[in-house]
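**Student:**
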Amino acid sequence: MQVRTRVIVPLEFPDGYHTTAEVITFTGLADGKEHLALALGDVAEAGVPLVRMHSECMTGDVFGSQRCDCGPQLREAVEQIAETGGYLLYLRQEGRGIGLYAKLDAYALQDLGMDTYEANRALGHGDDERDYTAAAQMLQALGAPTVDLLTNNPDKSRQLRDLGVEVRAVRRTGVHASPVNVRYLQAKVTHTQHTIDLAPAS
Ligand SMILES: Nc1nc2c(ncn2[C@@H]2O[C@H](COP(=O)(O)OP(=O)(O)OP(=O)(O)O)[C@@H](O)[C@H]2O)c(=O)[nH]1
Ligand SMILES: [Zn+2]
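Note that this note's numbering has the sequence shown beginning at 1, numbered continuously upward.
#1: Three-state secondary structure (DSSP) at A201?
#2: Does at least one heavy atom of ligand 2 sit under 7 Å from the Cβ of G174?
#3: Around the Cβ of A135, are there at least 16 other Cβ atoms within 10 angstroms (buried) or fewer (exposed)?
#4: If you draw a straight line from the C-alpha of Y87 to the C-alpha of L38, how long is it?
#5: Taking just the CA atoms, how far does P72 sit from T19?
#6: In the DSSP assignment, the alpha helix (DSSP H) including S157 goes from what residue to what residue?
#7: Between G95 and ligand 1, is there a pair consisting of the residue's CB and a ligand heavy atom that are separated by less than 7 Å?
#8: Taking the continuous beta strand (DSSP E) assigned at Q66, which residues delimit it?
#9: Rounded to whole angstroms, what is the Cα-Cα separation between Q80 and Q159?
#10: From what residue to what residue does the beta strand (DSSP E) around D148 run?
#11: Can you tell me the Cα-Cα spacing of R168 and D148, whole angstroms?
#12: Compute the beta-carbon to beta-carbon distance between D69 and N153, rounded to the nearest angstrom, for a pair I have assumed lies under 8 Å.
#13: Would you give the residue range spanned by the beta strand (DSSP E) that E22 belongs to?
#14: Going by the C-beta, is G60 closer than 7 Å to any heavy atom of ligand 2?
#15: Which of the three DSSP states, helix, strand or coil, is assigned to Y132?
#16: Could you check which residue in T173, V7, R4 and F13 has the C-alpha nearest to that of T151?
#17: If you draw a straight line from the C-alpha of G60 to the C-alpha of Q66, how long is it?
#18: Following a CB-centred definition, is H54 positioned closer than 7 Å to any heavy atom of ligand 3?
#19: For S202 and D115, what's the separation of their Cα atoms in angstroms?
#20: According to the Cβ coordinates, are A28 and G85 closer than 8 Å?
Right, here's the structure in full:
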């Protein structure tokens with residue numbers, strides 16, 4: 001696999017924050033999907049780049065859904081990476097890998113009382129079907145064998161290390177809790193040991 005195109009894109013968020021990204025596409029990624037890398041800040045100056053592997057969430061990233069905290073996490077990651085220098089990998093893994101329609105089916109089951117993992121299983125899916133092989137390939141194509149990773153999800157660093165990427169440090173990403181998403185965040189803490197500080201769910 002290799003880099004296919006690099007193109008400069010000015011970014012401006014609804015709160016007025018703006019920066020410039022180099023948007024990078026690839027050929028030959030393992031799963032054939034159109035994953036993107038955004039190079040932000042001064043990557044060369046950073047030495048070891050700060051990297052976030054952000055899984056696509058159309059409802060949160062695009063429409064501002066309050067059911068999760070993906071939108072604010074994405075906005076925060078762009079700013080942190082731009083300050084440090086690094087890459088945001090925007091991975092086409094909607095719904096933890098089960099797809100958009102299945103995620104919305106899972107939301108409907110959560111509205112009947114299931115938690116986010118029970119709902120996946122009721123639909124015949126695994127708890128988390130994401131595989132980070134393509135992300136490791138993107139880092140290799142970018143010439144980044146060692147990274148600092150921005151995440152609260154221990155599975156991301158575990159998988160990346162197993163794929164041969166050196167994760168020098170893990171930096172925690174922000175938690176954007178609200179009354180609407182707190183049960184979802186609590187399930188991540190209980191079930192997948194996310195490093196999120198939350199008051200006990202009421
Ligand atoms: N199946 C399913 N997917 C969900 C649900 N809520 C959010 N998602 C998806 O979960 C993914 C969230 O990804 P990330 O932002 O990488 O979150 P994370 O795995 O908690 O890891 P960090 O944010 O790095 O700590 C996105 O693909 C969302 O679409 C849900 O209730 N069910
Ligand atoms: Zn989301």
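Ideal Cβ positions, reconstructed from N, Cα and C, are used throughout, including at glycine.
Quantities reported herein were computed from a predicted structural model and do not represent experimental measurements.
**Tutor:** This is what the structure holds:
#1: Residue placement at A201 is flagged as unreliable, the pLDDT there being 41, under the threshold of 50; a coordinate-derived value is accordingly withheld.
#2: No, the Cβ of G174 stays beyond 7 Å of every heavy atom of ligand 2.
#3: That one is buried.
#4: When rounded, the distance between both Cα atoms is 5 Å.
#5: About 16 Å.
#6: Per DSSP, the continuous alpha helix (DSSP H) segment holding S157 begins and ends at P154 to D162.
#7: At least one heavy atom of ligand 1 is nearer than 7 Å to the Cβ of G95, so yes.
#8: Where Q66 is concerned, there is no enclosing beta strand (DSSP E), given that its DSSP letter is neither H nor E.
#9: Rounded to the nearest angstrom, the two C-alpha atoms are 23 Å apart.
#10: Counting along the chain, the beta strand (DSSP E) containing D148 begins and ends at T146 to L150.
#11: Their Cα atoms are separated by approximately 5 Å.
#12: Contact between D69 and N153 fails: their C-beta atoms lie close to 12 Å from each other, not under 8 Å.
#13: Taken as a continuous stretch (DSSP letters only), the beta strand (DSSP E) holding E22 covers H18 to T27.
#14: Yes.
#15: Looking at Y132 - three-state DSSP - the assignment turns out to be coil, as it is neither helix nor strand.
#16: Of T173, V7, R4 and F13, the residue nearest in Cα terms is T173.
#17: So the alpha carbons of these two residues sit roughly 7 Å apart.
#18: Although ligand 3 was asked about, the structure shown includes only ligand 1 and ligand 2 as ligands.
#19: Note on S202: pLDDT 42, under 50, position unreliable in the model; the coordinate value appears next. Roughly 14 Å between the two C-alpha positions.
#20: In the sequence as presented, Ala is not what sits at residue 28; that position holds Gly. In this structure, G28 lies away from G85, with their beta-carbon atoms at least 8 Å apart.
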